[in-house]
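Colleague: Note that the protein sequences, when read in sequence, are chains S and G.
Each residue of the first sequence is one higher than the one before, counting from 1 in UniProt numbering.
Each residue of the second sequence is one higher than the one before, counting from 1 in UniProt numbering.
Next up is a structure, given as structure tokens.
There are 2 protein chains.
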Amino acid sequence: MSLRHAVLGLLAQGPASGYDLRKTFDASLSNVWPATQSQLYGELGKLADAGQVTVAAEGPRGRKEYAITDAGMAELRHWLTEVEPERVRRSDMLLRVFFLGVLDPEDAQGYLRRQVQAVTAQHERFRALADVVDEGDDSLSVYGRIALEWGLRFTETQREWARWAQERIAREATAAKG
Amino acid sequence: MSLRHAVLGLLAQGPASGYDLRKTFDASLSNVWPATQSQLYGELGKLADAGQVTVAAEGPRGRKEYAITDAGMAELRHWLTEVEPERVRRSDMLLRVFFLGVLDPEDAQGYLRRQVQAVTAQHERFRALADVVDEGDDSLSVYGRIALEWGLRFTETQREWARWAQERIAREATAAKG
DNA sequence: GTACCCATGTAATCAGTTACATGATTCC
DNA sequence: GGAATCATGTAACTGATTACATGGGTAC
């Protein structure tokens, strides 16, 4: 049910069309909540039916500009302050870790080595993004920067963990041989 | 498509029934890949149709014990070594952060304070789990412990981040007033 | 006039959740 | 005999992904 709130949150910053929202999603929200074009248009329709957004203006090429209503703002605030975030997060990266025992130790270490590389690359992408976001002073930039800081710290932690895990498996393998 | 591989991974440790798998999921895999009973039985049926598992034995009460086949092991190894894990992870906790600007600073800080509490509680649960897992010496315990270490480090990082974010918002609010 | 971007929508499919439905066996 | 546990399955619904389909406006 979070896509609905993501849309409300973006419309709380100002009116926008489905097309505008898609670009904002791709640019800033895609790291925490990806959404496809068809999902967005569908959700806007449902929100309009529920009275949480309205078509504020129509433009060329059938463009519909949506605005959040009072009911929509109330729902957004409710979600922000009263609804507890999901604590379980699916991770197929960690799921694989449970089963590394079916590989020989070299391949298990290879898996973790690739994770170090991948997460390092992602850290660099976040770093580059931070430079851009630091320019902005709108609400989405200010709080987007805080979310991005999470990404920077998270990728750093994950890199250290993957290195630690690699070593632990190496020691495990040596102990088994000797 | 990861549930399929989670099931293969568990059956790689030894034969089991759908009922057994459900218990193992609840006990160890639920933190990285939750699955419901109905999903499990459905997936076992599909895997059997695909020839990646077989019914190795039947027991009382209609119990079917499944075993992984060579084709299933090949698929599992392929998934572990060749398929890149998803890098995007949905987080409604972080999604909310983007929109904290619609709240007044006190409520925004309240949100982050609650996250500190929630993640601290989860850290403690992981710590308790670690004591239990450290006892086991089977493959799932050894690698499960490595996954758990990720959880311990991740929750620690998240707690520090949430504290930092709280302070940053406090400073932001003071600067806006002054 | 043609290529590119703006702009919206539908259909099919898949994964995951919740609820329902049923019955056998074991323990006391 | 009754409760708890073992054990499997189906149905309805929701959310997300992929692909398809269409057409208007703008810049050159």
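Using N, Cα and C, we set each Cβ at its ideal position, and we do this for glycine too.
These numbers were taken from a predicted model, which means no experiment stands behind them.
Given that residue 107 of chain S touches chain G, what residues does it touch there, using C-beta distances under 9 Å?
Modeller: Within chain G, the residues near residue 107 of chain S are 77, 80, 81.
Colleague: I'd like to know whether the C-beta of residue 43 of chain G is nearer than 8 Å to at least one C-beta of chain S.
Modeller: Cβ-Cβ to chain S under 8 Å: no for residue 43 of chain G.
Colleague: Helix or strand or just coil, what does DSSP make of residue 36 of chain S?
Modeller: Reduced to three states, the DSSP call for residue 36 of chain S is coil.
Colleague: Ignore the nearest five residues each way along the sequence and tell me which others in residue 129 of chain G's own chain have a CB closer than 7 Å to its CB.
Modeller: Closer than 7 Å at Cβ, skipping near neighbours: 148.
Colleague: In the DSSP assignment, find the unbroken beta strand (DSSP E) run with residue 174 of chain S in it and report its ends.
Modeller: Segment 139-177 is the alpha helix (DSSP H) holding residue 174 of chain S; no beta strand (DSSP E) there.
Colleague: Please compile the residues from chain S whose C-beta is within a distance smaller than 7 Å of the C-beta of residue 55 of chain G.
Modeller: Those do not exist, as residue 55 of chain G stays about 21 Å from chain S at its closest Cβ, beyond 7 Å.
Colleague: DSSP three-state call for residue 75 of chain S: helix, strand or coil?
Modeller: Looking at residue 75 of chain S - three-state DSSP - the assignment turns out to be helix.
Colleague: Quick check: what's the CA-CA separation for residue 25 of chain G versus residue 18 of chain S?
Modeller: So the two alpha carbons sit approximately 40 Å from each other.
Colleague: Can you pull out the residues from the segment 57-71 of chain S whose beta carbon lies closer than 7 Å to at least one beta carbon of chain G?
Modeller: The residues in question: there are none.
Colleague: Is the beta carbon of residue 6 of chain G less than 8 Å from the beta carbon of residue 95 of chain S?
Modeller: In this structure, residue 95 of chain S lies closer than 8 Å to residue 6 of chain G by Cβ.
Colleague: Does residue 30 of chain S pass the burial test, meaning 16 or more other C-beta atoms within 10 Å, or should it be called exposed?
Modeller: Residue 30 of chain S comes out exposed.
Colleague: Residues of chain S with CB closer than 8 Å to the CB of residue 88 of chain G, please, in chain order.
Modeller: Result: 30, 31, 34.
Colleague: Could you say if the segment 166-173 of chain S and the segment 45-64 of chain S meet the contact criterion of at least three C-beta pairs nearer than 8 Å?
Modeller: No, because fewer than three Cβ pairs between the segment 166-173 of chain S and the segment 45-64 of chain S fall closer than 8 Å, the two stretches do not touch.
Colleague: Could you run through the segment 117-143 of chain G and flag, in chain order, every residue whose CB is less than 8 Å away from some CB of chain S?
Modeller: For the segment 117-143 of chain G, which is checked against every Cβ of chain S, the residues closer than 8 Å are 118, 122, 139, 140, 142, 143.
Colleague: In angstroms with no decimal places, state the Cα-to-Cα distance between residue 112 of chain G and residue 143 of chain S.
Modeller: Residue 112 of chain G and residue 143 of chain S: Cα-Cα distance of roughly 12 Å.
Colleague: Flag this pair as yes or no: are the beta carbons of residue 69 of chain G and residue 54 of chain G separated by less than 8 Å?
Modeller: Contact: yes.
Colleague: Can you say whether residue 132 of chain G is buried or exposed, counting buried as having 16 or more other CB atoms within 10 angstroms of its CB?
Modeller: Exposed.
Colleague: Have a look at the DSSP bridge pairing and note the partners of residue 53 of chain G.
Modeller: Answer by DSSP bridge pairing, in chain order: G:68.
Colleague: Go ahead and label residue 122 of chain S buried or exposed: buried means 16 or more other beta carbons lie within 10 angstroms of its beta carbon, across all protein chains shown.
Modeller: Burial call: buried.
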